[in-house]
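Visitor: Residue numbers (full-length UniProt numbering), protein chains in the order written: chain A, 1 to 546; chain B, 1 to 300. Using N, Cα and C, we set each Cβ at its ideal position, and we do this for glycine too. On a predicted model such as this, the values are computed, not experimentally measured, just so you know.
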Amino acid sequence: MSGTILENLSGKKLTILVSFLLFCQLICFLIGGLLAPVPSNVQTIIGTICKDRPGSHNDTSIWLYSRGGKKCEVLDHNEIREDSLRMANKLVFVFQMPLPRGGQNLDYSRWQQNLIGILQADIAYDPKVYNNPQSEITLDLRLAYRNKGDPDDEWKYYASSLEKRDLTCEVDNATDKYLYQCDTIPVFEMGSLHHDFYLLNVRIPVDSDQQMNLNIGYIQDLNLATIYQNGGFTKVWVSLKTTFFPFIVAIMIWFWHRVHMLQRKPVLLEYMLIYLGAALTFLNLPLEYLTLFVEMKFMLLLSDVRQGIFYAMLCSFWLVFAGEHMLIQESGEKNSLKIYWRHLMAVVIGCISLFLFDICERGVQLRNPFYSIWVSRFGSRIAMTFIVLGAISAAIYFLFLCYMVWKVFNNISIKRSILPSMSKMRRLHYEGIIYRFKFLMLATLLCALLTVIGFILGQVTDSQWHWNDNVELEFSSAFFTGVYGMWNIYIFALIILYAPSHKKWPANETQENIMGEEIEFNNLPSDTNPSEISSLTQFARKTALD
Amino acid sequence: MAGCRETAFIYAITSAAVTHSIARACSEGSIESCTCDWSHQNEPPQASKSESVSDVRQWEWGGCSDNIVFGYKLAREFVDTGERGRTLREKMNLHNNEAGRVHVQAEMREECKCHGMSGSCSVKTCWMRLPNFRVIGDSLKDRFDGASRVQVSNSLRNNNENQITRSNRRNKNIATNSNNVRETNSVHRNGANHKKQNRYKFSLRPFIPDHKPPTAKDLVYFEQSPGFCEKNLRLGILGTHGRQCNDTSIGVDGCDLMCCGRGYRTQEVTVVERCACTFHWCCEVKCKTCRTKKTIHTCL
């Protein structure tokens, strides 16, 4: 009979292993903090105001751009003010991304992964004009792209849409020439940055029949903030994934091989560990390399889904783990996930609602990058429903988990009191179970605590930390790589330590102090008895007989 | 021009305007030579080719720093040329120029966007938004009203310049801490030219020793302003005869102060004004016309 590697490992070896893993954890943290730049950066662009070309109303092949040959006719603010004709439908705000720097045209690198655009309007204050602080603005948005080597005027259509957005502006102690302080308006989210240059044309069409854009005030300028993931961060991140990937795969193969050497079918916890490893492997799979060659607009959605699957798996694992360590067994049957369906409902409902929300937001953005579920009242109500549902199931899950852990601890203290009266072998088994459970509790709490502390620190402190004059630590990047490394190491350790041990339990009770001695695990499949990962079934039955 | 308050204001607002315009032009893309990472900029000039290569590399790796940093740097080189900081007057000019630039930065507002998993705030990116110039003008006017009169002191302030320059590499305000004149002077890390760098290393003592020393945001002067009441073409002063004043104000626009005790004339006029306007984008204002009676005071 045997338990898991964890309880058969000597204290010394366990210490070495744990400190090695902690060292790896520190390395992950430092890689993010010292090597990587901030995860994402911003470029703010003030729109160039160009005179529209006739016929652009329905023709999406007309592109206006502000730099390069055949650039558009730029209008001055004074020109617009003094023009006796209404220029309302003649103005185009042109944003050519990225901005040139150091005398040359920069281009987006595919390492920069994604691009998010946020508009902000500078609306002039006029004491004689009453402006509704909450109005609606309709924007005619068109995106085009161009690649290096293309002629300056060869912009190709990417997406276009007529979008309505809420415009909330306020002004305090204003006099002439002040601007309204307007809230930001999200405009687009692109999951891939496949091309070199992008161009955004914004028109603010006026239509008195539809009451479109009639009372929004005089828009002096439009500012676009473009957020992109930093190439350096992507490189560090993907290298981290590439490093973890083979390790986790290898340890899963080793684990499965070891389970199959036993002459029994794998138990539920072993299945759960393998599922967890698989979810992590899916998360680790460095698909980002493909974006360097193929346009993958669904990367934002996919990364959400990958993270979602992983966290769902982790939550289910904790539930099942607590359930399997109850130290009581109703029936002699092999446990399966079916028993836990009630417990896992919370996880499933939470995940499905968040997945639906993501499909509604980022899924639709695959078709229309300008779409946002939050802009329409109906959409934001649906989004809130999904999120509230997710939050409720998270709360239920948490309560349930706490209840189960509390129950396990109750059972442990009951078992503790009768431990001395048990036979040696049974005592060893119970001690093993208790030890295993406490070890995981400790490790999990530590990981969760570190994540929460890191998150809070990241929110309240400045993103850069200084140790001294020469060393600076990029905290936000360090947090991401640190947490990512932590969960990898956590699962790596779980798979190793909770793999079935092939060490023989004392065959009879005369053999003593086997736990006290230094025990090494060996790979010999010498055990002919059907051994159990937690030996629960047999011993529960024995308890019943006793 | 004399070293008076008004001069201080002119220097500060000019320097602020240059900083603001350059930063704005960088954002518009109309100046193509704005640098990506300003910290590489102080390498020897012959390395201009490798500099542009390092710009591209910097852009790919960690993105570009905020435009204000370039605006600040260029404004320093442009506006401060010729001020060697030897005489008190030159020190005053340097300080006021710097104060103008600091105000541009201090008025910048932070905007943030969450874009983590499913749009949650697990990843948050913030940036600084360039203020409207009118706001900068207002805050400089406040400092004009409370400008400090100074005299020179010999002690140098030694600050750790490197530390500040590095902390400013991100989009943060360069000058959020206004308590120290030198701290905000350190944007320019010019390793090659020590003379240029050292000209910002001075400290000014308040004329009345009990007063606090001027901060980076304060305007400084060392001479009393000339009288602006009477016409003096040699100093370019037009006098206040015939100026409109406000009889209820106790400030400089009030009739008591502005008319320099000469008294004022009061008239009642009927004005036809536009009122209750609505604005139609873009760019038509529809208004009603209203008749109002107004009382106008003019200085004798």
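If we define contact as Cβ-Cβ less than 8 Å, is residue 550 of chain A a contact residue for chain B?
Guide: An answer regarding residue 550 of chain A cannot be provided, because it is not within the stretch 1 to 546 covered by chain A.
Visitor: Going by DSSP, which residues form a beta bridge with A/Gln229?
Guide: As a position in the first sequence, residue 229 of chain A is number 229, starting the count at 1. Paired residues: A/Ser40.
Visitor: Could you tell me which chain B residues have their CB closer than 9 Å to the CB of A/Asn223, listed as they occur along the chain?
Guide: If you number the first sequence from 1, residue 223 of chain A lands on position 223. Within 9 Å Cβ-Cβ: Ser27, Arg129, Leu130.
Visitor: Where does B/Gly29 fall in DSSP's three states?
Guide: Position 29 of the second sequence, counted from the start, is the residue given in the question as residue 29 of chain B. Coil.
Visitor: Reducing DSSP to helix, strand and coil, say where B/Met117 ends up.
Guide: Taking the first residue of the second sequence as 1, we reach residue 117 of chain B at position 117. Helix.
Visitor: So A/Ser66 contacts chain D; which residues on that side make the cut at Cβ distance below 7 Å?
Guide: Absent from the structure is chain D; the protein chains it does hold are A and B.
Visitor: Pull up the CB-CB distance for A/Ala322 and A/Val408, whole angstroms please, since I reckon it's below 8 Å.
Guide: For the purposes of this step, residue 322 of chain A is taken as the residue at position 322 of the first sequence. For the purposes of this step, residue 408 of chain A is taken as the residue at position 408 of the first sequence. With a Cβ gap of about 6 Å, A/Ala322 and A/Val408 count as contacting.
Visitor: State the Cα-Cα distance for the pair A/His502 and A/Cys447, rounded to the nearest angstrom.
Guide: Position 502 of the first sequence, counting from 1, holds the residue named residue 502 of chain A. Position 447 of the first sequence, counting from 1, holds the residue named residue 447 of chain A. Cα to Cα, A/His502 sits roughly 29 Å from A/Cys447.
Visitor: Return the chain-ordered list of same chain residues with a C-beta closer than 8 Å to the C-beta of A/Ala383, the five sequence neighbours on each side being excluded.
Guide: Indexing the first sequence from 1 puts residue 383 of chain A at position 383. Around A/Ala383: Phe357, Cys360, Glu361, Ile373, Trp374.
Visitor: What number of angstroms, rounded off, separates the C-alpha of A/Phe475 from the C-alpha of A/Tyr218?
Guide: As a working note, residue 475 of chain A is residue 475 in the first sequence. As a working note, residue 218 of chain A is residue 218 in the first sequence. Rounded to whole angstroms, A/Phe475 to A/Tyr218 spans 41 Å at the Cα level.
Visitor: For A/Gln25, which of A/Ala443, A/Leu366, A/Leu494, A/Val483 has the nearest alpha-carbon?
Guide: As a first step, residue 25 of chain A is located in the first sequence; it is residue number 25 there, counting from the start. Residue A/Val483 is the option with its Cα nearest to A/Gln25.
Visitor: With distances taken between CB atoms, is the gap from B/Leu257 to B/Ala8 smaller than 8 Å?
Guide: Locating residue 257 of chain B in the second sequence gives position 257, counting from the first residue. Locating residue 8 of chain B in the second sequence gives position 8, counting from the first residue. Not in contact: B/Leu257 and B/Ala8 (Cβ atoms no closer than 8 Å).
Visitor: Is the beta carbon of A/Gln307 closer than 8 Å to that of B/Met117?
Guide: Residue mapping note: residue 117 of chain B aligns to position 117 of the second sequence, counting from 1. Residue mapping note: residue 307 of chain A aligns to position 307 of the first sequence, counting from 1. Cβ distance < 8 Å, so B/Met117 and A/Gln307 count as in contact.
Visitor: Starting from B/Gln105 and walking both ways along the alpha helix (DSSP H), at which residues does that stretch end?
Guide: In the second sequence, counting from the first residue as 1, residue 105 of chain B sits at position 105. That run of the alpha helix (DSSP H) goes 88-106.
Visitor: Any Cβ of chain A within less than 8 Å of the Cβ of B/Cys64?
Guide: One-based indexing of the second sequence puts residue 64 of chain B at position 64. Yes, B/Cys64 lies at the interface with chain A (some Cβ there is under 8 Å from its Cβ).
Visitor: Taking all protein chains shown into account, do 16 or more other C-beta atoms lie within 10 angstroms of the C-beta of A/Ala395, making it buried, or fewer, making it exposed?
Guide: Counted from its first residue, the first sequence places residue 395 of chain A at position 395. Exposed.
Visitor: Assess contact between the segment 98-112 of chain A and the segment 99-116 of chain B, defined as three or more Cβ pairs (one per stretch) separated by less than 8 Å. Is contact present?
Guide: Taking 8 Å as the limit for Cβ pairs, the verdict is that the segment 99-116 of chain B does not touch the segment 98-112 of chain A.
Visitor: To the nearest angstrom, how far is it from the Cα of B/Cys299 to the Cα of B/Ser21?
Guide: Position 299 of the second sequence, counted from the start, is the residue given in the question as residue 299 of chain B. Position 21 of the second sequence, counted from the start, is the residue given in the question as residue 21 of chain B. Straight-line Cα distance between these residues: approximately 37 Å.
Visitor: Rounded to the nearest angstrom, what separates A/Phe455 and A/Asn41 at their Cα positions?
Guide: Against the first sequence, residue 455 of chain A aligns to sequence position 455. Against the first sequence, residue 41 of chain A aligns to sequence position 41. A/Phe455 and A/Asn41: Cα-Cα distance of roughly 19 Å.
Visitor: Residues in the same chain with beta-carbon distance under 7 Å from A/Gly379, minus the five sequence neighbours each way, listed in chain order, please.
Guide: Taking the first sequence and counting its residues from 1, the one referred to as residue 379 of chain A is at position 379. Only Ile373 meet the Cβ criterion.
Visitor: Is A/Asn368 helix, strand or coil by DSSP?
Guide: Mapped onto the first sequence, residue 368 of chain A falls at position 368. It is coil, neither helix nor strand.
Visitor: How far does the alpha helix (DSSP H) with B/Lys73 in it reach, from first residue to last?
Guide: Within the second sequence, the letter at position 73 stands for residue 73 of chain B. 67-79 is the span of the alpha helix (DSSP H), which, as asked, contains B/Lys73.
Visitor: Within 8 Å (strictly less), CB to CB, does B/Arg143 reach chain A?
Guide: Indexing the second sequence from 1 puts residue 143 of chain B at position 143. Not closer than 8 Å to any Cβ of chain A, the Cβ of B/Arg143 fails to qualify, so no.
Visitor: Closer than 8 Å by C-beta to A/Asn513: which residues in its own chain qualify, once you throw out the five before and the five after it? Chain order, please.
Guide: Taking the first residue of the first sequence as position 1, residue 513 of chain A is located at position 513. Because the pLDDT at A/Asn513 is just 40, under 50, the model does not fix this residue reliably, and the point stays unresolved.
Visitor: From this set, A/Leu494, A/Ser239, A/Leu139, A/Leu34, which residue's C-alpha is nearest A/Leu222's C-alpha?
Guide: Position 222 of the first sequence holds residue 222 of chain A. Nearest option by C-alpha distance: A/Leu139.
Visitor: Which stretch, first to last residue, makes up the alpha helix (DSSP H) that contains A/Tyr108?
Guide: Counting from one through the first sequence, the residue named residue 108 of chain A turns up at place 108. Taken as a continuous stretch (DSSP letters only), A/Tyr108 belongs to no alpha helix (DSSP H), as it is neither H nor E.
Visitor: Is A/Ala250 buried or exposed, if buried means 16 or more other CB atoms sit within 10 Å of its CB?
Guide: For this step, residue 250 of chain A is matched to residue 250 along the first sequence. The residue is exposed, with fewer than 16 neighbouring Cβ atoms inside 10 Å.
Visitor: Got a sec, what are the start and stop residues for the alpha helix (DSSP H) A/Phe188 sits in?
Guide: Position 188 of the first sequence, counted from the first residue, corresponds to residue 188 of chain A. Note, A/Phe188: premise wrong, no alpha helix (DSSP H); beta strand (DSSP E) at 185-190.
Visitor: Would A/Gly69 and A/Asp152 be called neighbours here (beta carbons separated by less than 8 Å)?
Guide: What you label residue 69 of chain A is simply residue 69 of the first sequence in a count that begins at 1. What you label residue 152 of chain A is simply residue 152 of the first sequence in a count that begins at 1. Cβ distance < 8 Å, so A/Gly69 and A/Asp152 count as in contact.
Visitor: Using 8 Å as the limit for Cβ to Cβ distance, is B/Thr7 near chain A?
Guide: On the second sequence, position 7 is the one that residue 7 of chain B refers to. No, B/Thr7 does not count as interfacial toward chain A.
Visitor: Would B/Met117 count as contacting chain A if we go by Cβ distances under 8 Å?
Guide: Indexing the second sequence from 1 puts residue 117 of chain B at position 117. B/Met117 counts as touching chain A.
Visitor: Mind checking the segment 241-268 of chain A against chain B and listing, in chain order, the residues whose C-beta falls within less than 9 Å of any C-beta there?
Guide: Residues: none.
Visitor: In the segment 47-92 of chain A, which residue ranges form an unbroken beta strand (DSSP E) of at least 3 residues, counting only runs that do not cross its ends?
Guide: Runs of the beta strand (DSSP E) inside the segment 47-92 of chain A: 48-51.
Visitor: Anything in chain A within Cβ reach of B/Thr125, meaning under 7 Å, just list it in chain order.
Guide: Position 125 of the second sequence, counting from 1, holds the residue named residue 125 of chain B. Chain A residues near B/Thr125: Ser40, Val42, Ile227.
Visitor: Taking Cβ to Cβ, would you say A/Trp254 is nearer than 8 Å to A/Ile274?
Guide: Counting from one through the first sequence, the residue named residue 254 of chain A turns up at place 254. Counting from one through the first sequence, the residue named residue 274 of chain A turns up at place 274. Taking 8 Å as the Cβ cut-off, A/Trp254 and A/Ile274 do not qualify as a contacting pair.
Visitor: Short of 7 Å in beta carbon distance, which residues of its chain neighbour B/Lys288, apart from the five on each side in sequence? Order them along the chain.
Guide: Stepping through the second sequence from its first residue, residue 288 of chain B is reached at position 288. For B/Lys288, where only same-chain residues beyond five positions count, the Cβ hits under 7 Å are Cys275, Ala276.
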